[in-house]
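Participant: Protein chains in written order, with my numbering: chain A, 23 to 528; chain B, 990 to 1116. Even glycine gets a Cβ: it sits at the ideal position worked out from N, Cα and C. All values derive from a computational prediction rather than experimental measurement.
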Amino acid sequence: MNSIENIKPKVIIIDDEDALRLGVKKLLQMEGYDVSTAANGTEGIALGIKEDFDLAIIDLKMPDIDGITVLKNIREHRPNTVCFIATAYASYDSAVQATKIGSQGYIPKPFSAEELLNHLRMGYEKRKLILEADRLRADRENRLLELSFERTRLNTIINSIDDGVLVVNRDEQAVYFNASALKYLNLHEIFLGESIADILPPKIREVIEIHFDKPNNDSKSYSEQIELLPDEKLFVQATTTRIPNHDGTLAGVVLVLKNISEFKRVEFIKSQFVSMVAHELKAPIAATIGFLNLLLQSEIEISDEQKTDFLTRSNVRLSSLLSLVNDLLDISRIEMQTVVREIKEISLKDIVTDVIQLFNLDINKKNLSVIFNCEDNLPTINADFNEITRMVTNLVSNSVKYNKVGGEIKIELKENSRYIIFTVGDSGIGMKPNEKKKLFLDFFRAKNEFTKNIHGTGLGLAIVKRIVDSYSGTIEVDTEYGVGTTFRIQFPKLLETEITTTINSH
Amino acid sequence: MAAKIVIIDDDSDILEASSLVLKAKGYEVLTAQNPEDGLKLVKESSPDLIILDVIMVEPDDGFFLAQRLRKEGFTIPILMYTSVSKSTGLQFGIGELVPVDDFIEKPISPELLIAKVEKFLKVRTEN
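Here it is in structure tokens:
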């Protein structure tokens, strides 16, 4: 048998005749078969079910169970085993019956070696075909399962993404869309195969139709920022890309809508900030140039006293310009997080003491009394020394600047279970409710009869707020116009990263 | 009689420098540091020309004051100081939205200031 490759075909012989069993066994072993035998029907069924034989030769007449029943039993459990019925009592009826219940063939006894081998060879070919067909069927079933799973998964994914996807064909009929596309285009439904030209916003149509007149080799994507809802409610970036046919002609266009509303809002805030910065930078420059022009103008008579006054005032304006530039650098440092923070153990008490010392001259000049209360055994905090010093400096500086002559500054450091609480109170000019609202805004400075002659960049508290926020702290303000202002900062004792490690280590 | 000019700007340094330049040219100059005082001053003194800073306490204060003045029937020329030019971001629809006659960008060149003031006051005397 030349078709027997490296795997031996497994065959079982079920026959009560010892001589036949042994003879056939020997013959088949010589021909390269793996042979098992059973001496009666019961044994035959047990073995035939237990193992998956390629072939079975079953004697029709056996004392315990007849061959037809054995065949039935084996086929029931092993439908792919190719069975032959062997019998000396060959009859047409039994042959038909055997074939009906799935016998491959009918081998009349006595048979020659040649006859038997021929039957088995054909039987084994059939067995291989059956197995191959089975394998293919299983494969196909698996693939179909995978495919439908894949399709569902792809649909789920496309429907879950936040970007809107809409595919149209050359006739501007919808071919595919996802849930986000409906949402952004504010449509309840899109019917596949229906022209959607009329229901799309004109600007969206434009970015789609741009592809219709392009040559086949133009594979560029087109992108447009489109306001779909006014007042910054919905801004999308609409990008369209052509889908080519096999021959390169246009099959359709895929439109992707990305929600960029938040991005636009940030862009607006940024450009507003830039305008404000430009204005704030220009004001001191304009004033100084104004004075310089006066001093240079020979036609305008200016007394020596006026000259000194103008130069002094120019000096003040340029100094404030310098502080403004420093503040802006601080803000950009905090916001860009380019500078790596040097987090170490620092004592708020020491910092506050140093900062008060720094303002001694101004405090004495205004005849202010400073009360500093610090709770005993106040724990240190882990933070960047420069940032915390900046935060304390800005608050203390304000409490001096906006205080009244002979006023009071009350500074307090205490703790509760989670926070260190830092309070700076002054008996200064206070704020009106509408001023309080804008307190932490960039460049906001209360302008009233009290503040007319106080210089500031308008960024001091904005910086404090940014620093406190970056350490997950909170800042509150109590104020009354003409009476005073108190700032209260709650500073977490543990940084967030420390909290995580603490939790993990337990 | 010397033409009368009212300058309204919250920056006292700018006010002083501008006043000196215009006073040296023989104009009578009155100043105010906020929109309310400015409006009062214009009503009391009926000047020939107003110079207005666009940003005072609030951004657009100058803009609103200009509208207010026009609404109250003042047709005299208004020059507006701006510290932000169009190129840097803040946009104004000149003539349409802001009812002023011209803009002068800060820092202010004395020559340009005098030239613009003379242009408007000359036109006015010819009328």
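Name the DSSP bridge partner or partners of A/K432?
Facilitator: In the first sequence, residue 432 of chain A corresponds to position 410, counting from 1. Its beta-bridge partners are A/I393, A/G447.
Participant: Check each candidate in A/N181, A/K94, A/S342, A/Q51 and name the one with the smallest Cα separation from A/T1.
Facilitator: There is simply no residue 1 of chain A to check, as chain A begins at 23 and stops at 528 in what is shown.
Participant: Determine the closest residue to A/I311 out of B/L1110, B/A991, B/E1094, with distance taken between C-alpha atoms.
Facilitator: Your numbering for residue 311 of chain A matches position 289 in the first sequence. The alpha carbon of A/I311 has as its nearest neighbour, out of B/L1110, B/A991, B/E1094, the alpha carbon of B/E1094.
Participant: Answer yes or no: does any C-beta atom of chain B fall closer than 9 Å to that of A/H301?
Facilitator: Your numbering for residue 301 of chain A matches position 279 in the first sequence. Yes, because at least one Cβ of chain B sits closer than 9 Å to the Cβ of A/H301.
Participant: Quick check on the DSSP output: the alpha helix (DSSP H) that includes A/E284 runs from which residue to which?
Facilitator: Reading the first sequence from its first residue, position 262 is the one you call residue 284 of chain A. Start and end: 283 to 318.
Participant: Counting only Cβ pairs nearer than 7 Å, list the residues of chain A close to B/I1044.
Facilitator: Residue numbering aside, residue 1044 of chain B sits at position 55 when the second sequence is read from its first letter. Chain A residues near B/I1044: H301.
Participant: Per DSSP, A/P266 forms a beta bridge with which residues?
Facilitator: Numbered from its first residue, the first sequence carries residue 266 of chain A at position 244. For A/P266, which the question treats as bridged, DSSP gives the partners A/L272.
Participant: I need the DSSP call for A/T496, collapsed to helix, strand or coil.
Facilitator: Position 474 of the first sequence, counting from 1, holds the residue named residue 496 of chain A. A/T496: strand per DSSP, three-state reduction.
Participant: By DSSP, does A/I501 sit in helix, in strand, or in coil?
Facilitator: For the purposes of this step, residue 501 of chain A is identified with residue 479 of the first sequence, where counting begins at 1. Checking the sequence shown, residue 501 of chain A turns out to be Thr, not Ile. Of the three classes helix, strand and coil, the one that applies to A/T501 here is strand, per DSSP.
Participant: Hey, quick one: how far does the beta strand (DSSP E) through A/P130 stretch, first residue to last?
Facilitator: The count along the first sequence starts at 1 and reaches residue 130 of chain A at position 108. Its beta strand (DSSP E) spans residues 125 to 130.
Participant: Between A/D156, A/V299, A/I497, A/N200, which lies nearest to A/L461 when the distance is taken from Cα to Cα?
Facilitator: Position 439 of the first sequence, counted from the first residue, corresponds to residue 461 of chain A. Among A/D156, A/V299, A/I497, A/N200, the Cα nearest to that of A/L461 belongs to A/I497.
Participant: Of all the residues that make up the stretch 305 to 332 of chain A, which are near chain B by a beta-carbon distance shorter than 7 Å?
Facilitator: Cβ contacts with chain B: A305, I307, A308, A309, I311, G312, F313, N315, L316, Q319, E321, I322.
Participant: Rounded C-beta distance between A/S241 and A/T262? I'm assuming under 8 Å.
Facilitator: In the first sequence, the residue the question calls residue 241 of chain A occupies position 219. In the first sequence, the residue the question calls residue 262 of chain A occupies position 240. Wrong, their Cβ atoms sit about 12 Å apart, outside the cutoff.
Participant: Just to make sure I have the definition right: I need the residues of chain A whose C-beta is within less than 8 Å of the C-beta of B/I1093. Which are they?
Facilitator: Position 104 of the second sequence, counted from the first residue, corresponds to residue 1093 of chain B. Residues of chain A passing the Cβ test: none, with the nearest at roughly 11 Å.
Participant: Leaving out the 5 sequence neighbours to the left and right, which residues in its chain are closer than 6 Å to B/I1083 when beta-carbon positions are compared?
Facilitator: By one-based count along the second sequence, residue 1083 of chain B stands at place 94. Confidence at B/I1083 is low in this model, with a pLDDT of 49, below 50, so its placement is unreliable and no value can be given for it.
Participant: Please confirm whether B/V1010 has its beta-carbon closer than 9 Å to some beta-carbon of chain A.
Facilitator: Residue numbering aside, residue 1010 of chain B sits at position 21 when the second sequence is read from its first letter. Yes - at least one Cβ of chain A is within 9 Å of the one on B/V1010.
Participant: Does the beta carbon of B/D1037 come closer than 9 Å to any beta carbon on chain A?
Facilitator: Taking the second sequence and counting its residues from 1, the one referred to as residue 1037 of chain B is at position 48. Answer no: the Cβ-Cβ gap between B/D1037 and chain A never drops below 9 Å.
Participant: In chain B, which residues lie less than 7 Å from A/R339 when you measure between Cβ atoms?
Facilitator: The residue given as residue 339 of chain A occupies position 317 in the first sequence. Those within 7 Å of A/R339 in chain B are D1002.
Participant: Would you call the stretch 431 to 440 of chain A in contact with the stretch 486 to 504 of chain A, where contact means no fewer than 3 C-beta pairs closer than 8 Å?
Facilitator: no
Participant: Going along chain B, which residues have a C-beta under 8 Å from A/R335?
Facilitator: Residue 335 of chain A sits at position 313 when you count from the first residue of the first sequence. Simply D1002.
Participant: Does the beta-carbon of A/M413 have 16 or more other beta-carbons within 10 angstroms, so that it is buried, or is it exposed?
Facilitator: On the first sequence, residue 413 of chain A is found 391 positions in, with the first residue counted as 1. Within a 10 Å sphere around the beta-carbon of A/M413 sit 16 or more other beta-carbons, which makes this residue buried.
Participant: Based on Cα-Cα distance, which residue from B/L1068, B/V1043, B/K1029 lies nearest to A/M298?
Facilitator: The residue given as residue 298 of chain A occupies position 276 in the first sequence. Of the listed residues, the one whose Cα sits closest to A/M298 is B/V1043.
Participant: Whole angstroms are fine: how far does the CA of A/E357 sit from the CA of A/R363?
Facilitator: Working through the first sequence from its first residue, we reach residue 363 of chain A at position 341. Working through the first sequence from its first residue, we reach residue 357 of chain A at position 335. Distance between the alpha carbons of A/R363 and A/E357 is about 12 Å.
Participant: Measure the CB-CB distance between A/K32 and A/D81 and report whether it falls below 9 Å.
Facilitator: One-based indexing of the first sequence puts residue 32 of chain A at position 10. One-based indexing of the first sequence puts residue 81 of chain A at position 59. No, they are not a contact pair.
Participant: Determine, using beta carbons only, whether A/N416 and A/G480 come nearer to each other than 9 Å.
Facilitator: As a working mapping, residue 416 of chain A is identified with position 394 in the first sequence. As a working mapping, residue 480 of chain A is identified with position 458 in the first sequence. Inclusion of A/N416 and A/G480 in the CB contact set at 9 Å is not warranted, their separation being larger than that value.
Participant: Tell me where the beta strand (DSSP E) around A/T109 begins and ends.
Facilitator: What you label residue 109 of chain A is simply residue 87 of the first sequence in a count that begins at 1. From DSSP, the beta strand (DSSP E) with A/T109 extends over 104 to 109.
Participant: Measure the Cβ-Cβ separation of A/G215 and A/V197 and say whether it is below 9 Å.
Facilitator: For the purposes of this step, residue 215 of chain A is identified with residue 193 of the first sequence, where counting begins at 1. For the purposes of this step, residue 197 of chain A is identified with residue 175 of the first sequence, where counting begins at 1. In contact: A/G215 and A/V197 (Cβ atoms closer than 9 Å).
Participant: In this structure, how does DSSP classify A/R100 when only helix, strand and coil are distinguished?
Facilitator: Numbered from its first residue, the first sequence carries residue 100 of chain A at position 78. A/R100 falls in the coil class under three-state DSSP.
Participant: Measuring CB atoms only, is the stretch 289 to 306 of chain A touching the stretch 258 to 275 of chain A, in the sense that at least three cross pairs come out at less than 8 Å?
Facilitator: no
Participant: When DSSP labels each residue in this structure, what does A/T508 get in the three-state scheme?
Facilitator: In the first sequence, counting from the first residue as 1, residue 508 of chain A sits at position 486. Three-state DSSP puts A/T508 in a strand.
Participant: From A/Y424, A/D464, A/P455, A/I29, pick the residue whose C-alpha is nearest to that of A/D448; which is it?
Facilitator: Locating residue 448 of chain A in the first sequence gives position 426, where the first residue counts as 1. Taking only the C-alpha atoms, the option nearest A/D448 is A/Y424.
Participant: Return yes when the Cβ of A/I230 is within less than 9 Å of the Cβ of A/K259, no when it is not.
Facilitator: The sequence position of residue 259 of chain A within the first sequence is 237, counting from 1. The sequence position of residue 230 of chain A within the first sequence is 208, counting from 1. A quick correction: the sequence has Gln, not Lys, at residue 259 of chain A. No. Outside cutoff.
Participant: Find the residues of chain A that neighbour B/I1097, judging by a C-beta separation of less than 9 Å, and give them in chain order.
Facilitator: For the purposes of this step, residue 1097 of chain B is identified with residue 108 of the second sequence, where counting begins at 1. Those within 9 Å of B/I1097 in chain A are A308, I311, G312, N315.
Participant: Under 8 Å by Cβ, that's how I've got A/V418 and A/V446 pegged, so tell me the actual separation to the nearest angstrom.
Facilitator: One-based indexing of the first sequence puts residue 418 of chain A at position 396. One-based indexing of the first sequence puts residue 446 of chain A at position 424. Indeed they touch by this definition, with Cβ atoms about 6 Å apart.
Participant: Tell me, please, whether the CB atom of B/E1107 is closer than 9 Å to any CB atom in chain A?
Facilitator: Counting from 1 along the second sequence, the entry for residue 1107 of chain B is found at position 118. No, B/E1107 does not count as interfacial toward chain A.
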